[in-house]
Amino acid sequence: MEDKKEKSEGKLLEETLTWKAPHIGKKAPEQCQEAQDFCTGYKAFLDEGKTERECVDYITKKLLASGYTPFEYGRKYHPGDKVFLVNRGKALIATTVGSRPVAEGVRIAGAHIDSPRLDLKPNPMYEKSDIAYFKTHYYGGIRKYQWGTVPLAMHGVVVKKDGEVCRVCLGENPGEPVFCVSDLLPHLAAKQNERKLAEGLKGEELNIIIGSLPFIDDQVKEPVKLMALKLLNERFGITEADFYRAEIEMVPAQKAVDVGLDRSLVGAYGQDDRVCAYTALMAELEADHPAWTTVTLFADKEEIGSEGNTGMNSDFLAHYLGYLADMQDADVRQLSANSLCLSADVNAAYDPTFSDVFDSNNSSYINKGCVLTKYTGARGKSGSSDASAETMARIIGIMDQAGVYWQAGELGAVDQGGGGTIAKFVAKLNIDTVDLGVPIISMHAPFELASKLDVYHTYKAFRAFYTADR
């Protein structure tokens, strides 16, 4: 066999000075099976947690099974202790107490567990032309036309007049009915085709069909609506007035599945941002006796600006950090100034079909690892925390030391759009923060795609972040 051709001076210089994120499947093919195995649990999580409340329930069960206990203010916790605090059933923080004093800082990984969906209006039920419907108000940044003719399931809670909290879930189990928004057949859609794509389906057209059979009684004005109410009452014991005391979310009934002949991708609803929630949770569960106290945050309301008392624009995290500081008689201001946060959120993966909205040199790609997003925002970085060079260096150093495959990316080309994460709300507390997560194809669609290798390395990044002593 001939000796390999000696590398030229230019080739050696190129290898020394340039850098590109490698394809993990080429660089470390043995990790493909590890990623497949890891994503088995991830898909189960996606199926069980389709709303923020269900995610909190799932996470709570996992934490309790792993020895975590509910946080008690005023109690002195010691290195290795594991605690969690639930905020109104829709947000949660989990902590493993580290060996370093909290005054030296804590390690925060913060994901959000809400996703775009269709919420029922407070008075949702009506009948028109012998069909019963739910009226909806979409939640978060959806492309409305994508939600037509998609099988939907009904999830949520109803607080009855007597105070009983009724959990609602219908359309997920085999044999259960599903629901859907109708759309026009192409034969009659000439005028609809003239609409702008954003109005292919309008907000007030996202009406969900829930029934078409009447309650047989000539004295009833809306017999189909009444039949639907009767069936809801028989199953859940609720009445129409109860919807005013309810949070009902309509989400895709599709289960998480493998995509591609090679099964390299996960296809599912809600991967933004439950993919980061699951990977951060797994890292938290494995954080035994860390040097830094961990703060694994699962927040609500990110998709509508992180508002409300379960969103990151509240004082929920600030109060919790105060509790940790009080536990060790530390100054919370010093704790915050010394802390480091991974705002655990996804980014848009480069999609060759729509390449014109991306900067190919500054995009994230599937199968190249977790993506560091230095800044988000729109136009001139509006609404972004924009991580410092020092923060980027610390995080990259942690990942390089742990053998984590990572890449960097922006959310599309300049002036093509933009978006936000919880990063700026954490940074507001004087905490060094940068976004890290999974590149997603078809983000915010009812069916999103994520690479299993990227999911696996995002988990490895959070685990390295919690176990590093730097």
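Here my numbering runs 534 ahead of the position in the sequence shown, where the first position is 1. C-beta atoms are modelled at their ideal positions from N, C-alpha and C, and glycine is treated no differently. Remember, predicted model here, so these are calculated numbers, not experimental data.
Does DSSP classify residue i as helix, strand or coil?
| i | result |
| --- | --- |
| residue 509 | Within the shown structure, residues of the chain are numbered from 535 to 1004, placing residue 509 beyond reach of any answer. |
| residue 783 | strand |
| residue 809 | helix |
| residue 659 | strand |
| residue 536 | Since pLDDT at residue 536 reaches only 47, below the 50 mark, its modelled position is unreliable, and the value read off the structure follows with that caveat. Here residue 536 sits in coil by DSSP. |
| residue 868 | helix |
| residue 847 | coil |
| residue 948 | coil |
| residue 570 | helix |
| residue 757 | helix |
| residue 642 | strand |
| residue 941 | strand |
| residue 1034 | Here the chain comprises residues numbered 535 to 1004, so residue 1034 is not present and cannot be evaluated. |
| residue 732 | helix |
| residue 923 | helix |
| residue 724 | coil |
| residue 682 | strand |
| residue 737 | helix |
| residue 953 | strand |
| residue 647 | coil |
| residue 997 | helix |
| residue 820 | coil |
| residue 839 | coil |
Using a Cβ-Cβ cut-off of 6 Å (strictly less than) and excluding sequence neighbours within five positions of residue i, which residues of its own chain qualify?
| i | result |
| --- | --- |
| residue 802 | 580 and 790 |
| residue 585 | 689 and 783 |
| residue 921 | 908 and 968 |
| residue 941 | 555, 898, 902, 903 and 905 |
| residue 868 | 637 |
| residue 726 | 718 |
| residue 715 | 681, 682, 740 and 742 |
| residue 847 | 840, 841 and 959 |
| residue 735 | 678, 679 and 682 |
| residue 779 | 693 |
Considering only residues of the same chain and omitting the five flanking positions on each side of residue i, which have a CB-CB separation below 8 Å?
| i | result |
| --- | --- |
| residue 570 | 797 and 986 |
| residue 653 | 670, 671, 672, 673, 781, 782, 783 and 784 |
| residue 952 | 910, 911, 912, 913, 916, 917, 945 and 946 |
| residue 974 | 805, 806, 809, 880, 881, 882, 883, 982, 983 and 984 |
Name, in chain order, the residues that DSSP records as bridge partners for residue i.
| i | result |
| --- | --- |
| residue 742 | 668 and 715 |
| residue 773 | According to DSSP, which records beta bridges pairwise, residue 773 is partnered with nothing at all. |
| residue 796 | Paired residue(s): none; residue 796 is not in a bridge. |
| residue 975 | 983 |
| residue 967 | 875 |
| residue 689 | 703 and 783 |
| residue 931 | According to DSSP, residue 931 bridges with nothing at all. |
| residue 905 | 941 and 971 |
| residue 791 | 801 |
| residue 654 | 670 |
| residue 627 | 619 and 831 |
| residue 916 | 912 |
| residue 881 | 973 |
| residue 709 | Per DSSP, none; premise fails for residue 709. |
Beta-carbon separation of residue i and residue j under 8 Å?
| i | j | result |
| --- | --- | --- |
| residue 945 | residue 881 | yes |
| residue 965 | residue 870 | yes |
| residue 661 | residue 759 | yes |
| residue 693 | residue 702 | no |
| residue 897 | residue 884 | yes |
| residue 577 | residue 800 | yes |
| residue 650 | residue 675 | yes |
| residue 665 | residue 626 | no |
| residue 876 | residue 643 | yes |
| residue 992 | residue 879 | no |
| residue 640 | residue 827 | yes |
| residue 996 | residue 817 | yes |
| residue 761 | residue 749 | yes |
| residue 741 | residue 667 | yes |
| residue 960 | residue 998 | no |
| residue 634 | residue 821 | no |
| residue 622 | residue 843 | yes |
| residue 1091 | residue 597 | Look at the range of the chain in this structure, 535 to 1004, and you will see that residue 1091 is not part of it. |
| residue 943 | residue 1004 | no |
Among residues of its own chain, excluding the 5 on either side of residue i, which ones have a beta-carbon nearer than 7 Å to its beta-carbon?
| i | result |
| --- | --- |
| residue 536 | Residue placement at residue 536 is poorly supported in this model, since its pLDDT is 47, which falls under 50; the coordinates still yield a value, given next. Excluding positions up to five away in sequence, the list is empty. |
| residue 559 | 566, 901 and 987 |
| residue 612 | 631 |
| residue 737 | 672 and 678 |
| residue 589 | 583, 647, 808, 811 and 832 |
| residue 976 | 982 and 983 |
Is any heavy atom of the ligand SAH found at a distance shorter than 7 Å from the C-beta of residue i?
| i | result |
| --- | --- |
| residue 761 | The ligand SAH is absent from the structure shown, which contains no ligands of any kind. |
With 8 Å as the threshold, decide whether the Cβ of residue i is near any Cβ in chain D.
| i | result |
| --- | --- |
| residue 958 | No chain D is present in this structure, which holds just one protein chain. |
(message) As an exercise, report each continuous beta strand (DSSP E) stretch of at least 3 residues that is fully enclosed by the stretch 544-625, in chain order.
(response) 616-621
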